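Let me begin by presenting the structure, written as structure tokens, before commenting on it.
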Amino acid sequence: PLTSRVSPAAAATMPPLPTMTHSSSFLLPSSSPPAPPTGADAENAVSYAVVVLNQRLPRFAPLLWTRARLRVCADGGANRVFDGMPDLLPGEDPDEVRVRYKPDAIEGDMDSVRPEVKEYYSSLGTQIIDDSPDQDTTDLNKCISFITRNPPGPDNSNLFILVLGALGGRFDHEMGNINVLHRFSNTRIILLSDDSSIFLLPKTHSHEIHIERSVEGPHCGLIPMGAPSSSSTTTGLRWNLDNTSMNFGGLLSTSNIVEEEIVTVTSDSDLIWTISLRKHT
Amino acid sequence: MRWRIPFLAGKWLWHIPCNTKISGISYFKTSVLSLAHEQPLRRRRGGRIGILPPRLDARVIRDYLQEDKMLWRTIRSMEVMAHSSSFLLPKLHQPAKTPANNYTLVVLNQQLPRFMPRLWAQAKMRICADGGANRIFDEMSQMTNDLDRNRYIPEIVEGDMDSIRPEVKRFYSSQGSKISDKSHNQETTDLHKCISSIRHRTPDHEKANLCVLVTGALGGRFDHEAANINVLYVFSDMRIVLLSDDCLIQLLPKTHHHEIYIESSVEGPHCGIFPIGAPSTSTTTTGLKWNLSDAEMRFGSMISTSNIVDSDKVTVQSDADLLWTISLRNLT
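Going down the list, the sequences are from chains A and B. Our numbering puts the first sequence at residues 1 to 281. Our numbering puts the second sequence at residues 282 to 613.
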């Protein structure tokens, strides 16, 4: 409706939204290190934390683990690391792999982690944080809180939290994990699976997403999860949005294609950005 | 004076005594509107009391309300919608006279769930959406230890045909499957096309009994999953259930009060309710360990995850469309 549009005169005097840049350079193989950060980020290097939830590890788990400065397992995620890391590094001795890929902390109510796995990591120095089940916060929520309270760098300003095992499996877990993106909208959190990467584009910013074509794309989408969007605008996609409204029951941008190296998105509503990951990642 | 309308199930069950006088349609609309909004009865100013037909039944009231579709929808919002997963039970355990156990099965292009053989056997009709046909071709015989592919022929293979392998398409075509090539339509997903066709093929009087079960809609690429969930919203007047090894998902439209009968041998206890389309300012439930009571739910704030079913019947009413999910178990 016209009443919700800003008049041209007012628009001219409104400050533009600050820009938020996004990049998946952490997915690049270690032989090609991430491009040096640009703009404001150049002063403080980006630091990564990894959270592992209780699903099978994606194939790039060892790469991200190595890149991260802090690694936390949520309960049964510790089983996945214990069993799965040696499987992903078949040429190496399993015991050496387990010692090298040791989490800094295991957090949760401990009803899924196997006792021998917990013992093993505890004896190696992993912090064990035993939380009672809490209906207001999910395991991921607790891990994110832990990380923000104990950031690996000087502060949280350039911290990216990479989450493995947040998608698929029980749908209520998946929804709870996506809700964590909304609840911690000031923290950079990226949910990763073998097939997709997803993160929140808060409506408070206009977004520049730098596409790493060697590891991601071309399929992408923008989803207004939780509230409709009456106006979204994009560039860099095959089917761009132009002040387009999106909502469940109507139009969502899915099976879109990235066409350029930078995709821009502006919206009046928080959107979930998703992009497919290439199989050889 | 109390007004009661017998055909309304749920909260407001009113009947209109035959000898009561009210002033024709306009007064009647006001009174019904009053019921819908829980206001005390008001007589329209200047209205005169007239006489209602002696036998007042649902058809007559519907005729009165025909002109005002919005009012009719308000009344209909009190109808109860019942849900049951009895289709997941082996046939001999299914209660007699269960509604909607005649279901159509749609198979999408993901690894088949463990319970696919039973779901396939008990379906009224089977549709493979594009690459879903590859899945049946490749995986069904391993699951059933039955090498005879001829026993698992879908009635229809539908979609844009960009994933189905040519030899798979030829095989099913030669075995009598109808191949419905919708490649000219790139605007909608394969699931959307299948649901649309099912709806199109169903006579009006049978539409209310339609039930569609879908496998392979969850997991995989997230934008596909979102598009598949969107199909539940787009076709919100149909019963569509998305199934995976771990859970089922269905829409609870805000237009109805919902009664969900829990088959505890195959589902639960973990469940959840999500307002993914728009926030809810008021949702009330019964039958859960952590019930909601006129509660707000919103992404960014509280949504109901990791809840537990505490009863064999869960009820939900809300001012927003909600997604219901419950975990599955013991299914082979």
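Think of the CB as a built atom: it goes at the ideal place given N, C-alpha and C, for glycine as much as any other residue. If you're wondering where the values come from, they're calculated on a predicted model, not measured in any experiment.
Contact note: proline 228 of chain A reaches chain B through Gly558, Ala559, using a C-beta cutoff of 8 Å and chain order.
Between the region 471–491 of chain B and the region 578–588 of chain B there are fewer than three C-beta pairs closer than 8 Å, too few to call the two in contact.
Within the same chain, Thr566 come within 6 Å of asparagine 572 of chain B by CB-CB distance, once the 5 residues on both sides are set aside. For proline 550 of chain B against isoleucine 589 of chain B, the beta-carbon gap comes to about 5 Å, under 8 Å, which counts as contact.
With fewer than 16 other Cβ atoms from the protein chains shown falling within 10 Å of its own Cβ, glutamate 119 of chain A counts as exposed. With 16 or more other Cβ atoms from the protein chains shown falling within 10 Å of its own Cβ, leucine 159 of chain A counts as buried.
Inter-segment contact for the region 231–240 of chain A and the region 50–63 of chain A is absent: fewer than three beta-carbon pairs are separated by less than 8 Å. With 16 or more other CB atoms across the displayed protein chains lying within 10 angstroms of its CB, glycine 76 of chain A is buried. In the DSSP assignment, alanine 402 of chain B falls within the unbroken alpha helix (DSSP H) covering 397–402. Taking 8 Å as the cut-off between beta carbons, the residues of the region 509–521 of chain B near chain A are Ile510, Asn511, Tyr514, Val515, Ser517, in sequence order. Here tyrosine 542 of chain B carries a strand assignment [DSSP, helix/strand/coil]. When the beta-carbon positions are compared, aspartate 602 of chain B and serine 517 of chain B come within less than 9 Å of each other. Sequence-ordered contacts of the region 179–194 of chain A with chain B read Asn179, His182, Arg183, Ser185, Ser193 [C-beta pairs closer than 8 Å].
By the neighbour-count definition (other C-beta atoms within 10 Å, threshold 16), glutamine 423 of chain B is an exposed residue.
Those residues of the region 235–248 of chain A placed with their C-beta closer than 9 Å to a C-beta in chain B are Asn247, Phe248, ordered along the chain. Put simply, the CB of histidine 505 of chain B is near chain A, with a gap under 9 Å to one of its CB atoms. Going by C-alpha positions, alanine 363 of chain B is about 45 Å away from isoleucine 209 of chain A.
When the Cα atoms are used, valine 163 of chain A and glycine 457 of chain B turn out to be separated by approximately 46 Å.
Any Cβ of chain B closer than 9 Å to the Cβ of threonine 138 of chain A would place that residue at the interface, and such an atom is present. Phenylalanine 171 of chain A belongs to the set of residues whose beta carbon lies under 9 Å from a beta carbon in chain B.
Closer than 9 Å to the CB of cysteine 220 of chain A there is at least one CB belonging to chain B. Proximity of methionine 225 of chain A to chain B, defined by a Cβ-Cβ separation below 9 Å, is satisfied. Neighbours of methionine 175 of chain A in chain B, taken as residues whose beta carbon is under 7 Å from its own, are Gly553, Phe555, Ile584, Thr586 in chain order. If one requires a minimum length of 3 residues, the beta strand (DSSP E) runs lying completely within the region 54–116 of chain A are 70–74, 105–108, in chain order. Think of a sphere of 7 Å around the beta carbon of leucine 167 of chain A: the chain B residues whose beta carbon falls inside it are Phe503, in chain order. Excluding its 5 nearest sequence neighbours in each direction, serine 608 of chain B has C-beta neighbours in its own chain below 8 Å: Asp527, Cys528, Glu548, Gly549, Pro550, His551, Cys552, listed in chain order. Along the region 522–535 of chain B, the positions whose C-beta sits under 7 Å from a C-beta of chain A are Asp527, Cys528, Ile530, read in chain order. Per DSSP, the unbroken alpha helix (DSSP H) holding glutamate 448 of chain B starts and ends at 447–455.
Between the region 177–196 of chain A and the region 270–278 of chain A, the count of C-beta pairs closer than 8 Å reaches three or more; the two stretches touch. For threonine 266 of chain A, none of the residues of chain B pass the 8 Å Cβ criterion, the least Cβ distance being about 19 Å.
Here isoleucine 257 of chain A is exposed, its C-beta having fewer than 16 other C-beta atoms within 10 Å.
Judged by DSSP secondary structure, histidine 173 of chain A falls outside any beta strand (DSSP E) and instead within the alpha helix (DSSP H) spanning 171–183. Counting along the chain, glutamate 506 of chain B sits inside the alpha helix (DSSP H) bounded by residues 503–515. Here glutamine 467 of chain B is exposed: its Cβ has fewer than 16 other Cβ atoms, across all protein chains shown, within 10 Å. Listed in chain order, the non-local C-beta contacts of threonine 235 of chain A below 6 Å within the same chain comprise Thr264, local neighbours out to five positions each way being set aside. Here DSSP, grouped into helix, strand and coil, assigns glutamine 423 of chain B to helix.
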